[in-house]
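Worksheet for the structure shown next.
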Amino acid sequence: MSDDSSRSSANAAPALIDEKDLRGSIIRLAWPVVVQQASFAMVQLVDTALVGHLGEDALAGVRLAGLLLWFSMSGMIAIGVGATAVVARIVGSGESRDASKVMQTVLVLAVVWGLIMMVLMLVFGGWILGVLGAEPAAQAEGTDYLHGLAFSLPFFSFVFAGNAAQQGAGDTRSPMVVGLLINVVNAFASFVLINGSGPFPELEVLGSGVGFTIAGMVGAVLVAGVLMSGRRSLSWIPFRGGAFNRADAGRILNVGVPAGLEQAQFNVAFMIYTRIIASLGTTALAAHGVTLAMQTLTFNIGFALSIATSAIVGQTLGAKRPDLAEKASYMTMRYSLVFMSVVAVILMTLGGQITSIFVGGENSDAVVDIARQTMFIFAFALPGLAISLSLSGSLRGAGDTR
Numbered sequence: 314m315s316d317d318s319s320r321s322s323a324n325a326a327p328a329l330i331d332e333k334d335l336r337g338s339i340i341r342l343a344w345p346v347v348v349q350q351a352s353f354a355m356v357q358l359v360d361t362a363l364v365g366h367l368g369e370d371a372l373a374g375v376r377l378a379g380l381l382l383w384f385s386m387s388g389m390i391a392i393g394v395g396a397t398a399v400v401a402r403i404v405g406s407g408e409s410r411d412a413s414k415v416m417q418t419v420l421v422l423a424v425v426w427g428l429i430m431m432v433l434m435l436v437f438g439g440w441i442l443g444v445l446g447a448e449p450a451a452q453a454e455g456t457d458y459l460h461g462l463a464f465s466l467p468f469f470s471f472v473f474a475g476n477a478a479q480q481g482a483g484d485t486r487s488p489m490v491v492g493l494l495i496n497v498v499n500a501f502a503s504f505v506l507i508n509g510s511g512p513f514p515e516l517e518v519l520g521s522g523v524g525f526t527i528a529g530m531v532g533a534v535l536v537a538g539v540l541m542s543g544r545r546s547l548s549w550i551p552f553r554g555g556a557f558n559r560a561d562a563g564r565i566l567n568v569g570v571p572a573g574l575e576q577a578q579f580n581v582a583f584m585i586y587t588r589i590i591a592s593l594g595t596t597a598l599a600a601h602g603v604t605l606a607m608q609t610l611t612f613n614i615g616f617a618l619s620i621a622t623s624a625i626v627g628q629t630l631g632a633k634r635p636d637l638a639e640k641a642s643y644m645t646m647r648y649s650l651v652f653m654s655v656v657a658v659i660l661m662t663l664g665g666q667i668t669s670i671f672v673g674g675e676n677s678d679a680v681v682d683i684a685r686q687t688m689f690i691f692a693f694a695l696p697g698l699a700i701s702l703s704l705s706g707s708l709r710g711a712g713d714t715r
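First residue of the sequence shown: 314, per our numbering; consecutive thereafter.
Below you can see the structure in the form of structure tokens.
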């Protein structure tokens, strides 16, 4: 190969990025991630809607338990962010074999984290709900929910890590399909187990947690199938010796741990904030739970655009094209800002109607009224959140997570 052709190859855009149609490339990579992350948030929204009609104690307990689930997500995010950034940089440089090797380590880290969090959730989850201020009835409901969903954590960790590696390699559609199927399985399993049907008992709140675990198991099987198929230059062979590489683990965690700590501090702040709200009573806590469910959905959509940005920036920098990385970063930020601003308007105008979907039983009117007001206030934060998440994704794609 001549020197000229070598330079041309070194300065070419990654195969998945069309320099002449950068906007189209961003949309093609981003929209499946948005759908996939929204699907994950919808899993929790469906749980909220199903248990909300069991009364405010069930709603408050489940949403409070959701904070612990999100805390466990901090480790998943750390591993996922590291996986996306490292795999994207490797794929951008054309070293697909190294990308598969890194992915093996990513999956081991994820499953170990999930197992640790499962044990902690089973042993300490109910006690933590009491520390957070749940009244006895809400604490009992939340503990049942945690005991059902704790077994999902190793499976969802595997799903999250596998999806992150695929997204770094440019395959955003497979995670989207998996996310949609997980949502369908969760909705069906939770509905049947909460209310009881045929041979299945009426487990109420516990049924929602068990449905979540069933959905996680199905998702893990689907992700494993995609990874073993070798899509986008990533190939996974289960139970192969030497799957864990300490050097690769160091690279992943060096990038991902700061992002995980960032998420953990947000979650701790939410817990402190929720502890204050819990002192106002179960009605206020239930209303906060509905608002938190909508916050989760909007945050996940913003985080999805952040993931897409990380993949694009990582691949363009891997291909030695910082000019494309900068251009793509600002373009994605504008899309995120417009989208989140539209969501803000929806929450401001339709907050009460949205809340009524999730609430039933006694005091439902009071819960709806409080949640409508809190959603209106939260809407003002969304434009700033859009900018913050998008630019953070750019920095993570460049390997700067500090």
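Glycine included, each C-beta is placed from N, C-alpha and C at the ideal position.
field: S510 in three-state terms, based on DSSP
entry: strand
- prompt: CA-CA distance, W549 and V424?
  reply: 15 Å
task: Under 8 Å by Cβ, that's how I've got K640 and L335 pegged, so tell me the actual separation to the nearest angstrom.
output: 6 Å
- request: For F616, count neighbouring C-beta atoms within 10 Å of its own C-beta (all shown protein chains included) and say buried if the count is 16 or more, exposed if not.
  value: It is buried - the Cβ of F616 has at least 16 other Cβ atoms within 10 Å.
message: What ranges does the alpha helix (DSSP H) occupy inside the region 403-449, keeping only unbroken runs of at least 4 residues that lie completely in it?
response: Note on the region 403-449: whole alpha helix (DSSP H) runs with a minimum of 4 residues are 409-444, in chain order.
message: By alpha-carbon positions, which one of S385, S338, V394 ends up nearest to N567?
response: V394
- prompt: If you draw a straight line from the C-alpha of M653 to the C-alpha of G543, how long is it?
  reply: 35 Å
query: What did DSSP end up calling W344 once you bin it into helix, strand or coil?
result: helix
- prompt: Should N401 go down as buried or exposed, given a rule of 16 or more other Cβ atoms within 10 Å for buried?
  reply: Note that residue 401 corresponds to Ala in the displayed sequence, not to Asn. Buried.
Residues near A621 in its chain [Cβ-Cβ closer than 6 Å; skip 5 each side]: L342, A343, V346
query: Exposed or buried, M386, counting other C-beta atoms within 10 Å across all chains shown (16 or more means buried)?
result: buried
query: What whole-angstrom Cβ distance do G388 and M430 have, given they're in contact under 8 Å?
result: 7 Å
Three-way DSSP call (helix, strand, coil) for V672 in this model: coil
Nearest to G368 (by Cα), restricted to the options A624, A600, A692: A600
- prompt: Are the beta-carbon atoms belonging to G522 and G461 less than 8 Å from one another?
  reply: yes
Contacts around L547, its chain only, beta-carbon distance under 8 Å, and the 5 residues preceding and following it disregarded: Within the same chain, L547 has close Cβ partners V400, S409, A412, S413, M416, A478, Q479, A482, D484, L540.
message: Count Cβ pairs between the region 490-509 and the region 348-367 that sit closer than 8 Å; are there 3 or more?
response: yes
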